[in-house]
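One structure is given here, and the rest of the page talks about it.
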Amino acid sequence: MGAMSWSILKLLMLQGLFISPPLPQKENESNEFDFFYLVLQWPGAYCDTKRACCYPTSGKPDADFGIHGLWPNYNDGSWPSNCDPDSEFDKSQISDLVDSLKKKWPTLACPSNDGFKFWEYEWGKHGTCSESVLNQHDYFENSLKLRDRVNLLQVLTNSGIKPDDGFYDLEEITNAIKDAIGFTPGIECNKDPERNNQLHQIYICVDTSGTELIECPILPRRRCPSQLQFAKF
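What the sequence shown shows, in mature numbering (1 follows the signal peptide of the UniProt record, and there is no 0), is residues -19 to -1, 1 to 214, in sequence order.
Encoded structure:
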């Protein structure tokens, strides 16, 4: 190799040290997240839409907030999902929780079912991303405990906010929850067939241990208007 060619090669090698391609981003990993969203859903709003709503095979759920899920999230608003396809949902691991899950984490999807499809989906998409801190039993048990601790319906009714098809101020709903639990919730709404904005889901943030409520690093981006209907169920 001539002196000129060797010089050019060395120059290219040197440039490679400074103009290297960026490292690929890591795939979603079960031990890398910043907080959880505990997402609680009002069944009256879920069912009062154009989409179908079916009660579980155990019957109509109580008129109370049910769990939608416990979702690992990142501080930038993104989230991991489906982190471990090999971690299959095993209903035998939650056999002692089934009665509570049917009552407090009910499915409203059609066709009617016993709830296991819903719980399996939530475990696969969200629960597997928290396996470094919560095994399958703990994931569902902690969700139930957090839901009971928050007790949203009692919080709201104590402030005169009732599921009576009435309209309430978004700020009033937010402050009632914040005053009760000490942290600001995220509020998500939907529209009924008459295009009324309804109180649908409430997001409450939980630390990475899945046990303690915290102030949300970031709230859901979806906005609700200043007045929301609290639908009957």
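The C-beta atom is built at its ideal place from N, Cα and C for all residues, glycine as well.
Quick caveat: nothing in here was measured; it's all calculated off a predicted structure.
- Item | Nearest candidate by alpha-carbon position, reference LEU151, set GLU69, ASP145, ILE162, PRO166 | PRO166
- Cα separation between GLN179 and ALA212? 7 Å
- Message: So, for ASP71: in the same chain, excluding its five sequence neighbours on each side, which residues have a beta-carbon less than 7 Å away from its beta-carbon?
- Response: GLN117
- Message: Suppose you measure from the CA of ARG130 to the CA of ARG32; what does that come to, to the nearest Å?
- Response: 31 Å
- Query: Do ASN63 and LYS106 come within 9 Å of each other at the CB atom, strictly closer than that value?
  - Reply: yes
- Message: Looking at HIS181: is its Cβ nearer than 9 Å to the Cβ of CYS170?
- Response: yes
- Query: Can you give the Cα-Cα distance for SER76 and SER207, rounded to whole angstroms?
  - Reply: 42 Å
- Task: Quick one: using the 10 Å Cβ neighbour count with 16 as the cut-off for buried, is GLU193 buried or exposed?
- Result: exposed
- Taking LEU125 as the reference, which of PHE14, GLU101, LEU21 has the closest Cα? LEU21
- Task: Would you give the residue range spanned by the alpha helix (DSSP H) that PRO24 belongs to?
- Result: 24 to 28
- With DSSP collapsed to three states, give me the class of LYS172. strand
- With 16 as the cutoff for other CB atoms within 10 Å, does GLN135 come out buried or exposed? exposed
- Task: State the Cα-Cα distance for the pair ILE142 and TYR149, rounded to the nearest angstrom.
- Result: 7 Å
- Please check the pair LEU82 and TRP100, which I expect to be a contact at CB under 8 Å, by giving their CB distance rounded to whole angstroms. 6 Å
- At what residue ranges does the stretch 125 to 173 contain a whole run of the alpha helix (DSSP H), taking only runs of 4 or more? 133 to 139, 151 to 162
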